Amino acid sequence: MATNSDNEKSTFLSRDDLLNPQLSQPQKNNLVAFNQILMQLEITDPWDLAKLVDSVHYQKLPDDFKKRFQERLSQPPQPPYSWVKIDNYYDNNEKMQAKKQKEKQKQEQKEQTIFDRLGDKGQKALLGDPLPPQSQEKRRLFFEKYAELLEKKRQEIDSNPKINLFKEGIKRQERFIKQAKDSIADLEKQKIGNDNPKDIERLDEEIKKHKRDLDEHTKKRDEIQQELYKALPPTNMKEMFNEEMVKLYKEAIEEENNSIEFRKAVFMHATDNFYGPKFSPPVDLTLGGASGTGKSYATKLLIFDLSRKNLINKLDKIAEGYDPSFNPKEPYGGNDQRVKDIIAAKTKITEINPAADVDKAFEAMKSHFEQLAGKFEDDEKMQALKRECVKGNDVVAKDGGKEREMSQVRQVMLHGALSLGYPGISDLHSKSKKLKLKILVKKAALNAESEAEPFNTATPNTFSKEITPSAIKQKDGRRPVVAFVDAYADQTEISGTDRAYRKATDAPYSPENIKANKFPPVESKIYEATVKIAGIAINAFKQGFDNSLGVLKKTIEAGGVECYHLNNKLIHVREVAGKLPPENWVVCDSANRKYDLKLNEVDFERWKLAAKTNAGTPNLNKWYAQQKKEGTLEGIVVSRVQTLAALEQQMKSKETERKASAPPRRDHLRTLVTQGQNPEKIAKSESEPSSKRTRTLVSRLVERAQTLTNTDPNKNRNR
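Numbers in my numbering are just positions in the sequence shown, counted from 1, shifted up by 1134.
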């Protein structure tokens, strides 16, 4: 449970263990061997004993050593031990409890300070004037009834022979998967220190065999999970419980929406602090785009871009103070070392690529600037700028996702459905319409009375109706910024659908996850491909895209407002068996949404080019992981546009790249025929399980399940 300074991996052993004179050499050897086992199993949690004790490696250790290890776990760690997950230890340690309490109080004080900045006017805008009725009765009734009905529903599902058959099939494959993994790890261990080529060759062959078994059983498990997914499709509230529970849920949601505590919590959750010089005047950001195009993340990227420009402008002014001849638009020809230091820091800050990871980009900007500020400790302007950057900018988002995430009633309802095995609740969003605080959150920020520390605002908007540029013009002394997130329709539909429900291949969801303050892994908010306006069905993506783009164009034409185009080239790709790189990865579309990886189209094209020109290029998934680790991946590209011609050029380049990366289906089929392959056979094989044995096993399970329940397995799937 220590970190060895000679090894970056977290381990269970300290240097003191190996230097302990009371231990014999065999005992020390056991410690070293045990340490290696933990590292092989990637165990960094001392309470993850199930994974450890079940391993074949652990069973080979001497009993006295295993007993000693169990005894050590019951003792509190001492320095220099380093723990990764220590919740259990914290809960039973008075000092750590005191520390957690102190951190909690500090956070509460910080939140109270933010709330106080709203002043009387801003607080009334958020909480209501007069205050809505305050009560907890509806929520109390809901939670009591929920606990009772959830247990009944769990018993009902557990007694279903069809579902149990699939669950047992999954468990069986999981055991085979574990055995294969343990065997591979054991064989890899045998290769360590073995210099005999024949032994290495034999071990490699055995490893390949177990890897084939691992792939086979993984495919079987996934196929059985697909059948279980069909047996338990997304449910609705009435079917999951009853009509009375639906009524209780709606009443509890409305009561929660009216509570002072909830409204304050949503405002705090909607407020993010970003490192950088103060925006003066405060920014009022409007970010348009179709639903599901990544507007929330794009907001952070745009704020980084604005913060970076703000910092660079202030550094230029400091540099001018040292040398009046300094011109940021021209190469510096002077000899002032302080100006050269500022230019060097500016260069590093300018070169930061925020597209792949905006949080790391803020950290990098902070690091580069504070290294520079360390050289100017006697310069009050530089130190004042440093203090200003640390204080940062508070940005309040008018985002409906914030209230959905903070709603304890909604979270518990969704957690329960997931724990029963359902991928989500189809009508959860429509039954939660009483959550409607995002307008009040922005209104509170705009009415805040603190002139010294005003709030900045950000509004992601799908623009169901276009607004006129006059609605965006500068008002209340704010700096308006308008942006448009440009994305692909088919890829947006895939990502929007993907985040709504849990996938069939996801691991079972434990009932232990049912907590009121824990975010569920999915939104259970269905991606709407169409919307109805005046009774007419309209393509939702096209409506949001066209209206948002129209707002940006009109704003550019009107002038006087900063405008930005954000190019989101996110695509979903899947691996195709039986093909060589780069043809073994294809872009998914609405007809075939199953994907193995999502990445920026630019990165996909980079890999394809590398795979064509260099046979040693890793497969896409490994290449992507390596590039991500090195921080060289692309992401949403932010560009300021001042004319319609510039905007058109940005969108044209995106469309050109899209067409270049997706050859027509006819050309693809012609290529397959040229290679002597049957396109229809290829397409059919890609849409089915790749293993005949897997198909046979799954078919048998489905047939047995039908016999047990005498029902059509597709009946519930389409309801």
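Glycine residues also receive a C-beta, built at the ideal position from the N, C-alpha and C atoms. Quick caveat, the model's predicted, so the values are computed rather than measured.
Have a look at the options and flag the residue whose alpha-carbon is nearest the alpha-carbon of residue i.
| i | options | result |
| --- | --- | --- |
| R1288 | E1302, T1420, S1553 | S1553 |
| P1594 | S1564, G1678, E1646 | G1678 |
| G1303 | L1362, G1327, D1316 | L1362 |
| R1544 | R1442, Y1383, E1245, A1725 | Y1383 |
| Y1409 | R1612, K1279, N1702, V1524 | V1524 |
| K1372 | H1344, L1284, K1434 | L1284 |
| E1627 | D1513, N1726, G1765, R1740 | N1726 |
| K1577 | E1242, E1245, K1236, G1256 | G1256 |
| N1370 | M1499, S1560, V1380 | S1560 |
| P1642 | Y1556, K1323, V1695, Q1270 | Y1556 |
| D1093 | I1483, L1781, H1563, G1769 | Examination of residue 1093 is not possible in this model, given that the chain is present from 1135 through 1853 alone. |
| V1707 | A1518, E1735, N1681 | E1735 |
| I1573 | V1530, M1516, T1631 | V1530 |
| K1429 | W1741, V1721, S1682 | S1682 |
| Y1758 | N1748, V1772, L1733 | L1733 |
| A1638 | E1290, Q1360, P1462 | Q1360 |
| F1277 | Q1761, K1381, D1250, K1567 | K1381 |
| P1415 | R1306, K1342, N1527 | N1527 |
| K1480 | H1403, K1364, R1740, K1451 | K1451 |
| L1252 | E1585, N1753, D1640 | E1585 |
| L1445 | K1570, F1413, E1340 | F1413 |
| E1107 | T1420, N1328, I1477, Y1280 | Any property of residue 1107 remains undetermined from this structure, which presents the chain solely from 1135 to 1853. |
| Y1635 | L1562, P1266, I1690, F1589 | L1562 |
| A1692 | K1434, F1589, V1616, I1341 | V1616 |
| F1738 | V1417, S1293, P1715 | P1715 |
| K1532 | S1564, S1459, A1592 | A1592 |
By DSSP's criteria, residue i is part of a beta bridge. Which residues make up the other side?
| i | result |
| --- | --- |
| R1708 | V1720 |
| I1486 | Answer is none; I1486 lacks a bridge partner. |
| N1407 | D1528 |
| H1699 | F1618, S1773 |
| A1732 | First, the amino acid is wrong: residue 1732 is Lys here, not Ala. Beta-bridge pairing links K1732 to H1706. |
| R1613 | V1417 |
| T1369 | I1559 |
| N1726 | D1723 |
Please list, in chain order, all residues of the same chain as residue i whose beta carbon is under 7 Å from its beta carbon, the five residues on each side excluded.
| i | result |
| --- | --- |
| A1623 | F1675 |
| K1325 | I1334, L1337 |
| S1269 | E1389 |
| G1426 | T1626, S1629, G1630, Y1661 |
| F1401 | L1260, V1575, A1578 |
| M1785 | D1620 |
| A1386 | K1272, R1273, F1276, V1543 |
| I1648 | V1546, H1549, G1550, S1553 |
| E1539 | H1403, F1653 |
| E1820 | Because the pLDDT at E1820 is just 38, under 50, the model does not fix this residue reliably, and the value given afterwards should be weighed accordingly. Result list for E1820: V1710, in chain order. |
Between which two residues does the alpha helix (DSSP H) carrying residue i extend?
| i | result |
| --- | --- |
| E1377 | 1377-1392 |
| T1689 | 1674-1692 |
| Q1505 | 1492-1507 |
| E1583 | No alpha helix (DSSP H) contains E1583, which DSSP labels as neither H nor E. |
| E1282 | 1271-1292 |
| D1632 | 1623-1632 |
| L1571 | Element bounds for L1571: n/a, residue is neither H nor E. |
| A1551 | 1542-1554 |
| N1755 | 1754-1764 |
| H1446 | Position check: residue 1446 holds Ile in this sequence, whereas His was assumed. Residues 1429-1456. |
| R1309 | 1295-1325 |
Suppose the cutoff is 8 Å on Cβ atoms and the five residues either side in sequence are ignored; what does the same chain contact list for residue i look like?
| i | result |
| --- | --- |
| I1311 | L1348, H1351, T1352, R1355 |
| K1236 | none |
| E1764 | none |
Could you give the residue range of the beta strand (DSSP E) that holds residue i?
| i | result |
| --- | --- |
| A1592 | 1590-1595 |
| D1418 | 1417-1422 |
Which residues in the same chain have their Cβ closer than 6 Å to the Cβ of residue i, if we skip the five residues on either side of it in sequence?
| i | result |
| --- | --- |
| N1510 | Residue identity differs from the one stated: residue 1510 is Phe in this sequence, not Asn. If we look at F1510 and ignore the five residues flanking it on each side, its Cβ neighbours are M1516. |
| N1581 | K1255, G1256, A1259 |
| L1519 | K1448 |
| N1391 | K1568, L1569 |
| G1422 | N1595, F1597, F1618, S1682, V1685 |
| G1534 | K1572 |
>> Three Cβ pairs or more, each shorter than 8 Å: is that satisfied between the segment 1703-1716 and the segment 1433-1452?
In response: no
>> For the structure I just gave you, are there three or more beta carbon pairs, one from the segment 1401-1408 and one from the segment 1658-1665, closer than 8 Å?
In response: no
> Quick check: the segment 1638-1656 against the segment 1678-1698, are there 3 or more CB pairs under 8 Å?
Replying inline: Touching, no, given that fewer than three Cβ pairs across the two stretches are closer than 8 Å.
> Between the segment 1710-1722 and the segment 1760-1779, do at least 3 Cβ pairs fall closer than 8 Å?
Replying inline: Short answer: they don't touch.
>> Check whether the segment 1460-1478 and the segment 1740-1759 are in contact - that is, three or more C-beta pairs closer than 8 Å.
In response: no
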